[in-house]
Every structure is written in structure tokens, then in C-alpha cells.
Amino acid sequence: MAIEFTKYHGLGNDFILIDNRSSSVPVVTPEQAIKLCDRHFGIGADGVIFALPGENGTDYTMRIFNSDGSEPEMCGNGIRCLAGFLADLEGESRNQDSYHIHTLGGVMTPQLLADGQVKVDMGLPRLLASEIPTNLTPAQEKVISQPLEVAGQTWDVTCVNMGNPHCITFVEDAAAIELETIGPKFEHHPAFPQRINTEFIQVVRRDYLKMRVWERGAGITLACGTGACASLVAGVLTGKCDRTATVELPGGPLQIEWSEIDQRVYMTGPAERVFTGIL
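Under my numbering, the first residue of the sequence shown is numbered 50, with each subsequent residue one higher.
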């Protein structure tokens, strides 16, 4: 069976988007996704995203297989790309600029802006150890500035769940971090029974952060939307940044706000179509 796809990227975090609206079951298996994501023998991507029928009153459902075949709960750059993909699929019949999308990490609401950017209501950050999950603190306590030993070094970490789990540590120079070496050791640390995404954050100003990320199931990526959101929340919790800031990733900037009014986190950034094809 021929399967049409569209390649999108959000600040270099790239995805294969598939119209799966005719079925609630992904038309590609995790094993096939691994091959499709291979940058030498496949299309090349950080993950495969499926647009499925909505659940529980939502417009659509999002599922994603990482480049290693694992399935994360959510993906911030990916949901922006999905919003752009859905708008393309609907074409002239589109009568809305925002979507309510069911994900394994909760309902997310991306909004297509007039300037081509996509603003996403990422919901409330979850901060309790049981919600990450991690055993760094008792289950009903927050994980803020806790020591974690990794590779013989003690790191000061704060953990935030933004639909998927993140461990954030603030460093003097993000560019100096040897991600290839240290990233996997964070991801598979016994403190995180479901593995973890890890962000290394350099505070340039209170409204400007530089970030590098090791993504659970994907490794080094050029951008991570949920990671940028989690990092700003961690910065606020530790007194290192304002509630609104630019987060500069290797692929470009995201605008992140943790609203004082409704306590929800909002992410604004691009979603760009690259090409279409048939499998």
C-alpha cells in the first residue's frame, strides 16, 4: 500500500507526517519508523508523526514514534508541525485556526498565527516526583535543585513534566557539554524509571536562555519544544529567569511564557514544510 507523507521541521527538529485520519491505528509500525528515520537508508527524521481521528471530543489525535521506535507522550516541535500539516490537509475547507489535539501527554491546543508561527497552549507543568517520574525526592515533593551524580560528577537538577519528562541542569557554557557522552547517561540513569529528556541551560539574561538537549529516544536534536518549556519553568522555580523568555536552541529561537494568570505554559515557534513523497 502506497503511503503519502510530508516532511516538516520545527527549528531543525524534523518529522515525517502521515495522514492517518482513516484509522485509529498507525499505518507504520515502530520497526518501520526506525528505517524511515534513518538518515542514510531512509527519509531521515527525528520521528514519525501520525494524524489520527480525535478522541474524547478533540479534533485530532497525535501519536509519534521516535527514531529508535519508542513512543513518547508528546513532542512540542512535533505538535507545531502537526498543526501546519493539518491545515495543509484541510486546505480550503479549513474553518479554524486552532486545534484541540489528543496526545498521550494530555490535550494540547496549537494555534496558527497570521505571521506563520504556531502558538501552542502546552498546559500546566507537572512538578511532583511521581509525575516525572523520578525517585530523586519523595513522590509528592517537587524536584528542584536536587543533586544527581552522573558520570562521576554531581549535577544540580530540576525536573518538570510538560507532557513528557525533563531533567534540567544549569551550566556556565552549554556549548562545552559533551552531549554524545553525557546525554545517554542521564537518559538511562536509574533515578528515572521511564528514562528522561535532558536539557543543559546557559542563562545569558533573565529573558534569554541558551539550550542544548539530549532527547529520550532520539539523542541529540536541534530543538525540543517541550524541553524549552520545561527549562523556562525550571528557571523560574530556581529564580534564574523571568516567566517570559527567548530560549535559543541550536536550530533557532522559541518564545516561551509561563503565565502568571492561568499558570499554563505557552510556546511560539515555526513549523516549516520541506517536501512531500510516497512510501
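Cβ coordinates follow ideal geometry from the N, Cα and C atoms, glycine included.
9 Å Cβ cutoff met for residue i and residue j
| i | j | result |
| --- | --- | --- |
| ASP256 | CYS290 | yes |
| THR218 | LEU197 | yes |
| GLU248 | SER280 | yes |
| ALA200 | ARG261 | no |
| MET171 | VAL314 | yes |
| LEU328 | ILE52 | yes |
| ARG322 | SER308 | no |
| ASN62 | LEU271 | yes |
| LEU286 | ILE193 | yes |
| MET211 | PRO242 | no |
Secondary structure of residue i, DSSP reduced to three states
| i | result |
| --- | --- |
| SER147 | strand |
| THR158 | strand |
| PHE324 | strand |
| GLU221 | coil |
| THR275 | helix |
| GLY284 | helix |
| ASP311 | coil |
| ASP256 | coil |
| ARG265 | coil |
| LYS289 | coil |
| THR270 | coil |
| GLN304 | strand |
| MET50 | coil |
| ASN62 | strand |
| LEU153 | coil |
| ALA294 | strand |
| ASP68 | strand |
| ASP164 | coil |
Spatial distance of residue i from residue j (CA atoms)
| i | j | result |
| --- | --- | --- |
| MET156 | LEU303 | Contrary to the premise, residue 156 reads as Val rather than Met in this sequence. The straight-line gap from Cα to Cα measures roughly 21 Å. |
| LEU131 | ALA100 | 7 Å |
| GLY276 | PRO299 | 13 Å |
| LEU85 | ILE92 | 5 Å |
| GLU236 | TRP263 | 8 Å |
| ASP137 | ILE98 | 15 Å |
| PHE324 | THR55 | 6 Å |
| ALA225 | ASP117 | 26 Å |
| VAL167 | GLY268 | 25 Å |
| PRO239 | ILE67 | 35 Å |
| GLU190 | PRO159 | 30 Å |
| LEU135 | ASP164 | 17 Å |
_3 or more residues per run - each beta strand (DSSP E) lying fully within the region 73-143_ = 96-102, 109-115
*Okay, do the region 146-163 and the region 91-109 touch, 3+ Cβ pairs below 8 Å being the bar?*
yes
*What are the uninterrupted segments assigned as beta strand (DSSP E) that are 3 or more residues long and contained completely in the region 174-245, given in chain order?*
195-199, 202-210, 214-219
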